[in-house]
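For the sequence shown, position 60 (counting from the first letter as 1) is numbered 60 according to UniProt numbering, and the numbering increases by one without interruption.
Just so it is clear, CB atoms sit at the ideal spot from N, CA and C, and this is done for glycine as well.
Quantities reported herein were computed from a predicted structural model and do not represent experimental measurements.
One structure is given here, and the rest of the page talks about it.
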Amino acid sequence: MLETAKCQTRDDKLVVKHDGACAATQPNAGANCDIACTREYKPVCGTDFLTYPNECALTVARCQKRDAKLVVMHAGACPPCNNVCTLRTL
């Protein structure tokens, strides 16, 4: 297979890094983030300063982003960000 890949990519520097499956390169690759959430609107503010419709939606985002540090910062919507960047301030 390696020789075929070398031929197809025309990359003679292609080598086997290790035996076995390759590690996932996409944030949610290999993760089963198919969590069924209700449509109940009970907003929570995440530690990423984003408002999620409910805690379950935040849990799905944590799974998809593979970010164990993403948790509920507080109940309710996150406060609006007042730091508005315009082209003039850049």
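Of the listed residues the options, nearest to residue i (C-alpha basis)
i             : options                    : result
glutamate 40  : Cys56, Cys33, Leu50        : Cys56
asparagine 32 : Thr59, Leu58, Cys63        : Cys63
valine 60     : Asp48, Cys37, Lys42, Asp19 : Cys37
valine 72     : Lys65, Cys81, Leu50        : Leu50
asparagine 54 : His74, Pro79, Asn83, Pro80 : His74
As assigned by DSSP and simplified to three states, the class of residue i
i             : result
asparagine 28 : Confidence in asparagine 28 is poor, its pLDDT being 47 and thus under 50, which makes the residue's placement unreliable; the coordinate value appears in the next sentence. The answer is coil: DSSP assigns asparagine 28 none of H, G, I, E or B.
query: What are the complete alpha helix (DSSP H) segments, minimum 4 residues, inside the UniProt domain "Kazal-like" (27-80)?
result: For the UniProt domain "Kazal-like" (27-80), whole alpha helix (DSSP H) runs of length 4 or above, ordered along the chain, are 55-65.
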